[in-house]
Amino acid sequence: MTSEEQQPLLPRTSASSAPAAHRSAAAWMHATAQRAAHAVASAWPTLQVLILPHLLGLILSVATPAEVDAMRSLSCAHYYYLHPPAPRAQEALDATSCQAPAVEVHFTTITTRVTFSVVLANFAGMLIYGRLFSSMSRRWLAVMGMAGCALARIPMLFLPLYQYPYLAPDAVRTMSPQTMLVVYWACAILGGFSGAAELVTLTVESLIVDTQSPEKRSQLFSQLQIAQLLGASIGPVLGSFASSLTSGLANRCVGYTHCLENKRLPSPQRGTHGHLLFNTASYWLAVLFATLGIVWLLFFVRFAAPPQTSAVPNCEQCRTEDTQRRKTLMRNPPKYAWLGAFQRLIPVRIARWKYDARILQFTVSEIFTAMMNEGIVVLILIMGFVFHWGSSLIAVGLSVFNTLRLLMVVVGLPAMLSITSERLQKPADVRELSQKQIDAVLAMSQSDVRRRPNCCPSYQQTREARLLQNVSTSQRTLVRLWRAQVDLTVARFSYFLNIVSWLMMAYGIERYHEWIVLAGAALLTAGSSAQPMLRSTACTVADQIVEWERNAAIPLKRPRPEPKDTAELPDGADSYLVIVSTVLLPCLLLGLITRNLVYSSTVESFPGAFFLVVASFNVVVLAILSWMRAPPTFYVDTR
Numbered sequence: 114m115t116s117e118e119q120q121p122l123l124p125r126t127s128a129s130s131a132p133a134a135h136r137s138a139a140a141w142m143h144a145t146a147q148r149a150a151h152a153v154a155s156a157w158p159t160l161q162v163l164i165l166p167h168l169l170g171l172i173l174s175v176a177t178p179a180e181v182d183a184m185r186s187l188s189c190a191h192y193y194y195l196h197p198p199a200p201r202a203q204e205a206l207d208a209t210s211c212q213a214p215a216v217e218v219h220f221t222t223i224t225t226r227v228t229f230s231v232v233l234a235n236f237a238g239m240l241i242y243g244r245l246f247s248s249m250s251r252r253w254l255a256v257m258g259m260a261g262c263a264l265a266r267i268p269m270l271f272l273p274l275y276q277y278p279y280l281a282p283d284a285v286r287t288m289s290p291q292t293m294l295v296v297y298w299a300c301a302i303l304g305g306f307s308g309a310a311e312l313v314t315l316t317v318e319s320l321i322v323d324t325q326s327p328e329k330r331s332q333l334f335s336q337l338q339i340a341q342l343l344g345a346s347i348g349p350v351l352g353s354f355a356s357s358l359t360s361g362l363a364n365r366c367v368g369y370t371h372c373l374e375n376k377r378l379p380s381p382q383r384g385t386h387g388h389l390l391f392n393t394a395s396y397w398l399a400v401l402f403a404t405l406g407i408v409w410l411l412f413f414v415r416f417a418a419p420p421q422t423s424a425v426p427n428c429e430q431c432r433t434e435d436t437q438r439r440k441t442l443m444r445n446p447p448k449y450a451w452l453g454a455f456q457r458l459i460p461v462r463i464a465r466w467k468y469d470a471r472i473l474q475f476t477v478s479e480i481f482t483a484m485m486n487e488g489i490v491v492l493i494l495i496m497g498f499v500f501h502w503g504s505s506l507i508a509v510g511l512s513v514f515n516t517l518r519l520l521m522v523v524v525g526l527p528a529m530l531s532i533t534s535e536r537l538q539k540p541a542d543v544r545e546l547s548q549k550q551i552d553a554v555l556a557m558s559q560s561d562v563r564r565r566p567n568c569c570p571s572y573q574q575t576r577e578a579r580l581l582q583n584v585s586t587s588q589r590t591l592v593r594l595w596r597a598q599v600d601l602t603v604a605r606f607s608y609f610l611n612i613v614s615w616l617m618m619a620y621g622i623e624r625y626h627e628w629i630v631l632a633g634a635a636l637l638t639a640g641s642s643a644q645p646m647l648r649s650t651a652c653t654v655a656d657q658i659v660e661w662e663r664n665a666a667i668p669l670k671r672p673r674p675e676p677k678d679t680a681e682l683p684d685g686a687d688s689y690l691v692i693v694s695t696v697l698l699p700c701l702l703l704g705l706i707t708r709n710l711v712y713s714s715t716v717e718s719f720p721g722a723f724f725l726v727v728a729s730f731n732v733v734v735l736a737i738l739s740w741m742r743a744p745p746t747f748y749v750d751t752r
């Protein structure tokens with residue numbers, strides 16, 4: 114045997130296998146990168162929309178604790194401007210002067226009036242933008258709303274304010290508290306008139322309604338809330354972190370007689386050393402997030418609907434059928450077309466003495482839900498006034514509260530939907546359908562449901578066609594209405610949890626037990642899915658009511674020989690979104706008035722009285738939704 118033959122084979126095998134291992138690793142990394150790129154590409158249409166509510170959550174929450182302190186300082190200065198103390202008493206003004214009950218009442222009065230005027234301006238702006246709203250103007254209207262969010266927060270960057278509870282002396286200010294309040298109020302009104310968050314939210318919801326199926330739409334409505342809650346959870350922490358990281362950041366010169374030094378001094382409210390001038394870091398963050406939102410809207414969001422939004426091909430036969438349906442609708446316009454989208458609130462006649470008023474019931478439920486929003490505001494005020502929470506502690510509490518809401522929407526809501534769908538009985542005509550068939554029906558768009566089964570020749574060979582081969586149009590509609598009933602059941606349970614939560618917090622305030630209030634606030638997060646499930650149900654039911662109304666010969670229509678060259682009214686879901694986006698703004702004003710009347714009159718005797726009012730609102734909504742009947746079968750077009 115030669116020396117070459119006696120050489121071991123192991124080194125040669127190792128040397129030859131190294132390139133193969135590298136090739137395998139490279140191939141695995143390449144495949145992983147391709148899968149990741151494919152996942153990002155498939156999720157990109159959803160992500161580019163969800164970024165907007167996430168930024169809204171950040172904008173609206175990042176400066177919330179600082180905004181409460183700023184408004185308390187401004188209202189305190191304004192109170193002593195209107196009620197100047199005696200010359201000797203002027204020297205007695207100290208850090209506890211802003212914590213007097215009379216100053217707290219003045220603070221709630223000012224915030225109520227400011228918010229009232231902002232919502233009123235928002236309502237006037239939405240009436241104008243509703244006329245201009247179209248698929249072509251979505252981008253610029255959303256940009257206007259983002260700009261309004263930034264404009265409303267700019268005054269706090271330069272107003273001469275001390276950090277609450279300290280007051281800036283008149284000798285160091287070039288602006289009187291009256292002028293400061295007017296500047297802040299004017300910018301807030303201009304921001305509200307621009308549409309602000311409501312206009313951005315309406316734009317996103319309208320885009321989802323136009324491009325997604327009801328099943329996907331229901332998921333996206335929940336994801337919108339998740340994205341906004343995620344921003345609302347991170348926002349207060351980011352604001353507090355920015356304030357602590359840049360503790361000396363403040364307006365030192367503008368509005369003052371000379372540039373002031375931001376001295377450090379003990380704060381009796383926080384128990385730690387703080388800076389004298391008002392910290393503006395969180396407001397700079399809010400303006401930065403609004404700027405990012407404008408850039409995102411201008412360059413990244415695709416507002417044009419894709420040519421095909423479902424698995425059903427848009428063949429020539431289906432397009433001809435849809436065109437014929439639109440022509441038929443134009444020949445038979447509703448009598449009450451002058452009402453616009455609000456004609457959907459008119460009860461639909463289904464028999465001589467029977468009417469369908471579910472859209473009206475949904476709208477009333479949305480109205481009371483909007484009036485409940487002031488409950489969280491009162492909770493923040495009570496934690497600061499009754500339990501003496503500072504801005505940092507309020508920021509942590511808001512972050513924990515919104516994080517719990519986020520977990521309930523991500524984990525609790527799918528579990529409740531799954532349990533409810535298993536226990537809720539299906540209509541008799543669709544009980545024999547398999548779960549795959551039900552899932553395929555729920556993934557279809559509204560236009561696909563009303564088409565004849567397998568109308569497209571190219572569709573007959575697809576997987577969806579094989580699943581839905583024996584599923585009629587009436588069964589498809591019943592499945593979607595059954596899913597709406599599932600969402601409605603979850604909404605009812607969520608409102609019940611809200612009732613228990615608000616009653617617990619009211620009891621905790623009465624007994625002065627902070628842990629009961631916190632437990633009630635934690636339980637309140639379990640009812641976070643009430644509004645998205647209510648809105649998802651209403652959109653599905655509204656689509657079906659309008660579809661049945663178009664096909665049925667009801668007395669609300671009158672034939673006309675020639676079609677008019679007018680724009681077609683929006684479908685049921687679009688109509689409902691327009692209704693709630695417009696009607697809810699005056700309802701916010703009613704909530705503000707109610708909150709101001711109740712909280713101002715009971716702040717000394719029973720600050721938690723408004724929680725009982727909010728609990729009664731939930732009782733009303735639960736009664737309305739419990740009285741609502743299940744989707745009937747006579748809405749199903751079996752022709």
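Here the sequence shown stands for residues 114 to 752, numbered as in this note's numbering. Note that beta-carbon positions come from the ideal geometry of N, C-alpha and C, so glycine has one too. Just so you know, these numbers come straight off a predicted model, no measurement behind them.
Beta-carbon within less than 8 Å of residue i's beta-carbon, same chain only, minus the 5 sequence neighbours each way: which residues are those?
{"i": "Gln588", "result": "Asp542, Val543, Leu546, Val554"}
{"i": "Ile302", "result": "Ser230, Val231, Ala234"}
{"i": "Glu101", "result": "With the chain represented from 114 up to 752, any question about residue 101 goes unanswered, as that position is not in the structure."}
{"i": "Ser478", "result": "Leu647, Val734, Ile737, Leu738"}
{"i": "His371", "result": "Val285"}
{"i": "Lys376", "result": "His388, Leu389"}
{"i": "Ala523", "result": "Correcting the residue type first, residue 523 is Val in the shown sequence and not Ala. These residues qualify, in order along the chain: Ile339."}
{"i": "Arg836", "result": "The shown model of the chain, from 114 to 752, leaves out residue 836, and the question about it has no answer."}
{"i": "Glu717", "result": "Pro214"}
Would residue i be called buried (16 or more neighbouring beta carbons within 10 Å of its own) or exposed?
{"i": "Gly352", "result": "buried"}
{"i": "Leu240", "result": "exposed"}
{"i": "Glu374", "result": "exposed"}
{"i": "Met257", "result": "buried"}
{"i": "Val231", "result": "buried"}
{"i": "Leu710", "result": "exposed"}
{"i": "Asn515", "result": "buried"}
{"i": "Met527", "result": "Note that residue 527 is Pro in the sequence shown, not Met. It counts as exposed."}
{"i": "Asn583", "result": "exposed"}
{"i": "Tyr275", "result": "buried"}
{"i": "Cys652", "result": "buried"}
With a threshold of 7 Å on Cβ separation, who are the neighbours of residue i within its own chain once the five nearest residues in sequence on each side are excluded?
{"i": "Ala508", "result": "Pro178, Pro349, Val350, Gly352, Ser353"}
{"i": "Pro699", "result": "Phe236"}
{"i": "Cys262", "result": "Ile172, Gly304, Ala309, Ala310, Ala403"}
{"i": "Val613", "result": "Leu636"}
{"i": "Phe753", "result": "The structure shown has nothing for residue 753, since the chain only spans 114 to 752."}
Looking at the unbroken alpha helix (DSSP H) that takes in residue i, where does it start and where does it end?
{"i": "His191", "result": "177-195"}
{"i": "Tyr608", "result": "586-624"}
{"i": "Ala632", "result": "627-637"}
{"i": "Gln212", "result": "Where Gln212 is concerned, there is no enclosing alpha helix (DSSP H), given that its DSSP letter is neither H nor E."}
{"i": "Leu487", "result": "Strictly speaking, residue 487 in this sequence is Glu, with Leu absent from that position. Element bounds for Glu487: 487-498."}
{"i": "Asn583", "result": "It is not in any alpha helix (DSSP H) - Asn583 carries neither H nor E in the DSSP assignment."}
{"i": "Ala281", "result": "First-last for Ala281: undefined, no H or E at that position."}
{"i": "Gln550", "result": "548-555"}
{"i": "Gly503", "result": "Note, Gly503: premise wrong, no alpha helix (DSSP H); not H, not E."}
{"i": "Phe724", "result": "722-740"}
{"i": "Glu535", "result": "526-536"}
{"i": "Ala263", "result": "251-264"}
Look up residue i in the DSSP assignment and give the residues it is bridged to.
{"i": "His388", "result": "Arg377"}
{"i": "Tyr275", "result": "Leu390"}
{"i": "Arg136", "result": "Looking at the DSSP assignment, Arg136 forms no beta bridge with any residue, so it has no partner."}
{"i": "Arg286", "result": "Tyr369"}
Closer than 6 Å by C-beta to residue i: which residues in its own chain qualify, once you throw out the five before and the five after it? Chain order, please.
{"i": "Val216", "result": "Cys189, Tyr192"}
{"i": "Leu337", "result": "Pro166"}
{"i": "Val630", "result": "Met618, Gly621"}
{"i": "Gly406", "result": "Leu168, Met259"}
{"i": "Ser360", "result": "His388"}
{"i": "Leu342", "result": "Asn515, Arg518, Leu519"}
{"i": "Ala399", "result": "Ile172, Val175, Ala176, Arg266"}
{"i": "Leu610", "result": "Ala639, Gly640"}
So does residue i have its beta carbon nearer than 8 Å to some heavy atom of the ligand FAD?
{"i": "Val216", "result": "Of ligands this structure carries none, so the ligand FAD is not represented either."}
What ranges does the alpha helix (DSSP H) occupy inside the region 354-384, keeping only unbroken runs of at least 4 residues that lie completely in it? Counting whole runs of 4 or more residues, the region 354-384 contains no alpha helix (DSSP H) stretch at all.
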